[in-house]
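A.B. asks: In terms of full-length UniProt numbering, the sequence shown opens at residue 1 and continues consecutively. Glycine is no exception: its CB is placed at the ideal position from the N, C-alpha and C atoms. None of these values were measured; they are calculated from a predicted model.
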Amino acid sequence: MTVPSEVPGTTQSVDGLAVGQLTGFRGSDEIPVPPEAVLIAARTAPDHWFYLTDPSWRGANPAPSWAVLGRWRSDAAGEIVEWEENEAYRPSPEALGWPEPADALDTAIRRAATGSGPVEEVPRLLARTELVVLLGPEGEPAVTTAPDDSPAVAVFTMSPDLAGVELPDHETMSASDLLSRLPADAYQLLCLSPTAPVSMIVTVSDLREALGDEDARVPTRSR
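1) Can you check DSSP and say which residues form a bridge with A152?
2) Do P99 and A175 have their beta-carbon atoms positioned less than 9 Å apart in this structure?
3) Note down the Cα distance separating P32 from A42, rounded to an integer number of angstroms.
4) Could you tell me the boundaries of the alpha helix (DSSP H) in which E36 lies?
5) In three-state terms, what does DSSP make of P183?
6) Kindly indicate which three-state DSSP category G78 falls into: helix, strand or coil?
7) Is the CB-CB distance between V198 and I109 below 9 Å?
8) Run the CB neighbour count on V81, radius 10 Å, all protein chains shown included, and call it buried at 16 or more, exposed below.
9) Restricting to Cα atoms, I'd like to know which of D149, F156, D213 and L39 is closest to P83.
10) Does the distance between the C-beta of P168 and the nearest non-hydrogen atom of the ligand FAD fall short of 8 Å?
11) What does DSSP give as the partner residues of W72 in its beta bridges?
12) Straight-line CA distance for P93 to S116?
13) Tell me the DSSP secondary structure of P167 in three-state form.
14) Name the one or two DSSP bridge partners that V132 has.
15) Quick one, which of A102, D47, L182 and P194 has its alpha-carbon nearest D75's?
16) Between D177, T172 and T203, which lies nearest to A186 when the distance is taken from Cα to Cα?
17) Just mark residue 230 as buried or exposed, buried being the case when its beta carbon has 16 or more other beta carbons within 10 Å.
18) Which partner residues does V202 have in the DSSP bridge list?
19) Going by C-alpha to C-alpha distance, which of A127, T53, A45 and D103 sits closest to E79?
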């Protein structure tokens, strides 16, 4: 399916409709049952395409192609006769049914990991967030293994879901404090979402750059 970069025409959100119900029809001749609103629109607008958008895309602006699950087509009689799935669609955290994020950093990690938000937002928020860091035997930030088998220091923010969980030795610290205590072999951070099964790798250099940007935004006081 080819979707224009900005989707025109009639669109409906996937709210209340399982993403798996639609993506499961890939390669099949079956047509998934559209929402009632699409059926009504098809009867009033024969021979049209009706796009289905991800629930994270709200407002009057046209949805980009990555936020479109697919589209139904109505025939001249106003009946739905065709469904095309958009292979470029990237389900958002909302569409995947994940719980509410813990904070702004968690939101950024989840959106970047699912392709529905900018990756650059993660180091920017890391630079201004108090982080939970697991500690090694000498009290240093513990080095773990990232999904790509590279060494990394895992960081996350405390969420209500973790309040009753007994965590290993850890410490809450600022990003600048973390950088000053990183082991020599740790050149990246594994940013974990406390509410969803995703993570993001952020290099130490990207975090240093974000911290520099934050420092530049702080006005100096005149004496």
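C.D. replies: If we stick to the structure as given:
1) For the purposes of this step, residue 152 is taken as residue 152 along the sequence shown, with counting starting at 1. BP columns for A152 point to T144.
2) By 1-based counting over the sequence shown, the position of residue 175 is 175. By 1-based counting over the sequence shown, the position of residue 99 is 99. Cβ distance not < 9 Å, so A175 and P99 don't count as in contact.
3) By 1-based counting over the sequence shown, the position of residue 32 is 32. By 1-based counting over the sequence shown, the position of residue 42 is 42. The straight-line gap from Cα to Cα measures roughly 15 Å.
4) Position 36 of the sequence shown, counted from the start, is the residue given in the question as residue 36. Unbroken alpha helix (DSSP H) run through E36: E36 to T44.
5) In the sequence shown, the residue the question calls residue 183 occupies position 183. In the structure shown, P183 sits in coil (DSSP, three-state: anything other than H, G, I, E or B).
6) Here the question's residue 78 lines up with position 78 in the sequence shown. Here G78 sits in coil by DSSP.
7) Within the sequence shown, the letter at position 198 stands for residue 198. Within the sequence shown, the letter at position 109 stands for residue 109. Cβ distance < 9 Å, so V198 and I109 count as in contact.
8) Residue numbering aside, residue 81 sits at position 81 when the sequence shown is read from its first letter. Under this definition V81 is an exposed residue.
9) Counting from 1 along the sequence shown, the entry for residue 83 is found at position 83. In the sequence as displayed, the identity of residue 83 is Trp instead of Pro. The candidate whose alpha carbon is nearest that of W83 is L39.
10) For the structure depicted, the ligand FAD is absent and the ligand set is empty, with no information on it obtainable.
11) Residue 72 sits at position 72 when you count from the first residue of the sequence shown. Bridge partners of W72: F50 and W83.
12) As a first step, residue 93 must be located in the sequence shown, where it is residue number 93. As a first step, residue 116 must be located in the sequence shown, where it is residue number 116. Near 8 Å, if we compare the C-alpha coordinates of S116 and P93.
13) If you number the sequence shown from 1, residue 167 lands on position 167. Residue identity check: residue 167 is Leu in the sequence provided, not Pro. Reduced to three states, the DSSP call for L167 is coil.
14) Numbered from its first residue, the sequence shown carries residue 132 at position 132. Answer is F156 and T172, bridged to V132.
15) Sequence index remark: in the sequence shown, residue 75 carries index 75 (1-based). For the residues A102, D47, L182 and P194, the minimum Cα distance to D75 belongs to D47.
16) Taking the first residue of the sequence shown as position 1, residue 186 is located at position 186. When only C-alpha atoms are compared, the closest one is T203.
17) For residue 230 there is no data in the structure shown, the boundaries of the chain being 1 and 223.
18) Position 202 of the sequence shown, counted from the first residue, corresponds to residue 202. The partner list for V202 (beta bridge, DSSP) reads L189.
19) As a first step, residue 79 is located in the sequence shown; it is residue number 79 there, counting from the start. Taking only the C-alpha atoms, the option nearest E79 is A45.
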